[in-house]
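The numbers in the working numbering rise by one with no breaks, and the one at position 158 of the sequence shown is 158.
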Amino acid sequence: MDIQKQYIDGAWVASASEEIRDIINPYNQEIVAKVTESDAADAKKAIAAARHAFDYGDWPKTPATERGKVVQKIADLIERDREELAELESLDTGKTVEESRGDMDDIAGVFRYFAEMADKDGGEIIDSPIPNSTSKIVHEPVGVCGQITPWNYPLLQASWKLAPALAAGNTLVMKPSEITPLTSIKVFELMEEAGVPAGVVNLVLGSGDTVGGELASNDDVDLISFTGGIETGKKIMQAASSNVKNLALELGGKNPNVVFADADFETAVDQAMNAVFFHAGQICSAGTRLIVEESIHNDFINALVDRVKKIRLGNGFDESTQMGPLISEEHLVKVIAYVEKGKQEGATVAVGGGRPDDPELQNGFFYLPTVLTDCTTDMSVVQEEGFGPVITVEKFKTEEEAVRLANDSIYGLSGGVFTNDIAKANRCVAKMRMGTVWINDVNLYFPQAPWGGFKQSGIGRELGKTGLEEYQETKHIFQNLKPEPLNWF
Ligand code: NAD
1 MDIQKQYIDG
11 AWVASASEEI
21 RDIINPYNQE
31 IVAKVTESDA
41 ADAKKAIAAA
51 RHAFDYGDWP
61 KTPATERGKV
71 VQKIADLIER
81 DREELAELES
91 LDTGKTVEES
101 RGDMDDIAGV
111 FRYFAEMADK
121 DGGEIIDSPI
131 PNSTSKIVHE
141 PVGVCGQITP
151 WNYPLLQASW
161 KLAPALAAGN
171 TLVMKPSEIT
181 PLTSIKVFEL
191 MEEAGVPAGV
201 VNLVLGSGDT
211 VGGELASNDD
221 VDLISFTGGI
231 ETGKKIMQAA
241 SSNVKNLALE
251 LGGKNPNVVF
261 ADADFETAVD
271 QAMNAVFFHA
281 GQICSAGTRL
291 IVEESIHNDF
301 INALVDRVKK
311 IRLGNGFDES
321 TQMGPLISEE
331 HLVKVIAYVE
341 KGKQEGATVA
351 VGGGRPDDPE
361 LQNGFFYLPT
371 VLTDCTTDMS
381 VVQEEGFGPV
391 ITVEKFKTEE
401 EAVRLANDSI
411 YGLSGGVFTN
421 DIAKANRCVA
431 KMRMGTVWIN
441 DVNLYFPQAP
451 WGGFKQSGIG
461 RELGKTGLEE
471 YQETKHIFQN
481 LKPEPLNWF
């Protein structure tokens, strides 16, 4: 098996560390690839290449229209290689190929969106209060960007960072999650093919503490953009303070899904399931906290449990599979411990609550889709992000109580409200402290809409206009049209 390499200054190179990491298919633990294991010295080299490309290269000065064409070309190549990319993503993460195909379409869409945005901002003339002067606002690239991504949506999360950074004229070093680097490697090949100049995009493939830590702390990095867990986010914030880097953090979520009695019952049940069992719940915006009006609570749980029992677990490459495994053994152990703690705290397992018996699933990191009832906000399963196929159910009597429960969290990434009373929906949405709130829907995102969290779910927004602005500095240019001495001194 070939050893896949890092991409530094336009060349595919192995790490001097000579260490190799096995990449595992979480469905059966087979080794699907081997990659070089970068270390801090590799990260330093990659940062130096990006620094040089930014300070002396053409990319930041290339007309935005031309940069946009290159970003469009990357989208074309992703579409050309859609099937190969989707299969790689499923091999690496265990998610169904059907889902990965959808991811690839979304990813191409993200590159197209930012490609089209690249030359739409020609700056702004503002009214100067000073006579005989002009005042202009322009946006410039931030500089060298460090980009660190998680394992749950490896290429999708990468695209939210790569596309705007390139469109805005930055240079960058990316570090994908060490357990899911395969589609990122492939997209760096595509960026090379699309004509991104050497040094502009660099890829390192090591672990969080060493390589990620170097990106976060190195003084030649101007911006660090991170997607991952809260605790890692806090470390990155600290490390980024060394040179007061620009900081963009997309952290976790513990997302409430409020269902009122007047909602369309079947839709609400269906969407409660989509919210949490898609990709085995390994989604930052997973609706893991179901908050149901008391009058329909029992019927809702019965309907939910009936359907959850029918979810088909299996190989993501099998068309009948609806839910794949968790990403790793380490993560499986965490999810098991999370549910056990919930049980000790008084939660009842209505369905699931363990590993499947099916002999075919024993080599994979599978956990049964699980519904925990009798939950209250003080329980750790309700407060902590489990990041698995586990939903907790709480109940409420009044609209006020529903909103209070929904907001009772350190997180503020996303939430859902199901009701047919639009006034009620809007009253709730206005009070829900989250970056995205869906009314009668869940987990929808698209390139045009900003994505990010309130509270400890993060800082900044990816996607949308704000997603490009994260990769820009704002400069005010004031010009005196009639210079003359002031004679103050
Ligand atoms: P993680 O925090 O463990 O790792 C994320 C990345 O950070 C990886 O590349 C890892 O190698 C790196 N890293 C780890 N320690 C580091 C350090 N000290 N310095 C620098 N980098 C370091 O997260 P994960 O387990 O890969 O992903 C799951 C988490 O990501 C969940 O909390 C999920 O909610 C979150 N997430 C958030 C969003 C969002 O848009 N808000 C999207 C996807 C995932």
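Glycine included, each C-beta is placed from N, C-alpha and C at the ideal position.
How should residue i be labelled, buried or exposed, when 16 other C-beta atoms within 10 angstroms of its C-beta is the threshold for buried?
{"i": "L156", "result": "buried"}
{"i": "A118", "result": "buried"}
{"i": "Q238", "result": "exposed"}
{"i": "R112", "result": "buried"}
{"i": "T63", "result": "A small fix is needed here, since residue 63 is Pro in this sequence, not Thr. When all chains shown are included, P63 counts as exposed."}
{"i": "D264", "result": "exposed"}
{"i": "L481", "result": "exposed"}
{"i": "M323", "result": "buried"}
{"i": "T474", "result": "exposed"}
{"i": "S159", "result": "buried"}
{"i": "L468", "result": "buried"}
{"i": "T65", "result": "exposed"}
{"i": "Q72", "result": "buried"}
{"i": "W59", "result": "buried"}
{"i": "M1", "result": "exposed"}
{"i": "G458", "result": "buried"}
{"i": "G122", "result": "exposed"}
{"i": "E470", "result": "buried"}
{"i": "L486", "result": "exposed"}
In the DSSP assignment, what are the bridge partners of residue i?
{"i": "H139", "result": "T474"}
{"i": "G458", "result": "E250"}
{"i": "W12", "result": "Y7"}
{"i": "V371", "result": "V351, I391"}
{"i": "K34", "result": "I3, D22"}
{"i": "S225", "result": "Q147, A248"}
{"i": "Q29", "result": "Q29 pairs with nothing; no bridge assigned."}
{"i": "N257", "result": "L290, G416"}
{"i": "V514", "result": "Nothing about residue 514 can be read from this structure; the chain reaches only from 1 to 489."}
{"i": "L313", "result": "M323"}
{"i": "Q479", "result": "T134"}
What separation, rounded to the nearest whole angstrom, lies between the Cα atoms of residue i and residue j?
{"i": "M104", "j": "D220", "result": "32 angstroms"}
{"i": "K395", "j": "G287", "result": "15 angstroms"}
{"i": "M379", "j": "G169", "result": "46 angstroms"}
{"i": "S128", "j": "K186", "result": "49 angstroms"}
{"i": "K465", "j": "P447", "result": "9 angstroms"}
{"i": "S184", "j": "E294", "result": "46 angstroms"}
{"i": "N315", "j": "V417", "result": "33 angstroms"}
{"i": "A275", "j": "E319", "result": "21 angstroms"}
{"i": "T370", "j": "K309", "result": "9 angstroms"}
{"i": "G195", "j": "N298", "result": "58 angstroms"}
{"i": "V429", "j": "L444", "result": "16 angstroms"}
{"i": "I493", "j": "F114", "result": "Residue coverage of the chain in this structure runs from 1 to 489, which leaves residue 493 outside it and unanswerable."}
{"i": "E400", "j": "A425", "result": "12 angstroms"}
{"i": "K175", "j": "I148", "result": "5 angstroms"}
{"i": "E385", "j": "Y411", "result": "9 angstroms"}
{"i": "E140", "j": "A11", "result": "27 angstroms"}
{"i": "V403", "j": "T96", "result": "34 angstroms"}
{"i": "I125", "j": "T134", "result": "8 angstroms"}
{"i": "P164", "j": "D106", "result": "15 angstroms"}
{"i": "V35", "j": "E19", "result": "9 angstroms"}
{"i": "Y338", "j": "T373", "result": "15 angstroms"}
{"i": "E30", "j": "F365", "result": "12 angstroms"}
{"i": "V349", "j": "F278", "result": "20 angstroms"}
Could you pull the start and end residues of the alpha helix (DSSP H) that residue i belongs to?
{"i": "A280", "result": "Counting along the chain, A280 falls outside any alpha helix (DSSP H), and DSSP gives it neither H nor E."}
{"i": "K45", "result": "40-56"}
{"i": "S90", "result": "82-93"}
{"i": "M379", "result": "Premise fails: M379 is in no alpha helix (DSSP H) and is neither H nor E."}
{"i": "K334", "result": "329-344"}
{"i": "I230", "result": "230-240"}
{"i": "L486", "result": "From DSSP, L486 is part of no alpha helix (DSSP H); its letter is neither H nor E."}
{"i": "G195", "result": "Neither: G195 is in no alpha helix (DSSP H) and is coded neither H nor E."}
{"i": "K465", "result": "464-469"}
{"i": "S217", "result": "213-217"}
Is the shortest distance between the beta-carbon of residue i and the beta-carbons of chain C less than 7 angstroms?
{"i": "A75", "result": "Looking at the structure shown, chain C is missing, and only one protein chain is on hand."}
Every unbroken beta strand (DSSP E) within the segment 142-193, with a cutoff of 3 residues, ordered by chain: 144-148, 171-175
Start-end ranges of the beta strand (DSSP E) lying completely within the segment 381-450, minimum 3 residues: 390-396, 414-418, 436-439
3-residue-minimum beta strand (DSSP E) runs that sit fully inside the segment 110-134, ordered along the chain: 124-126
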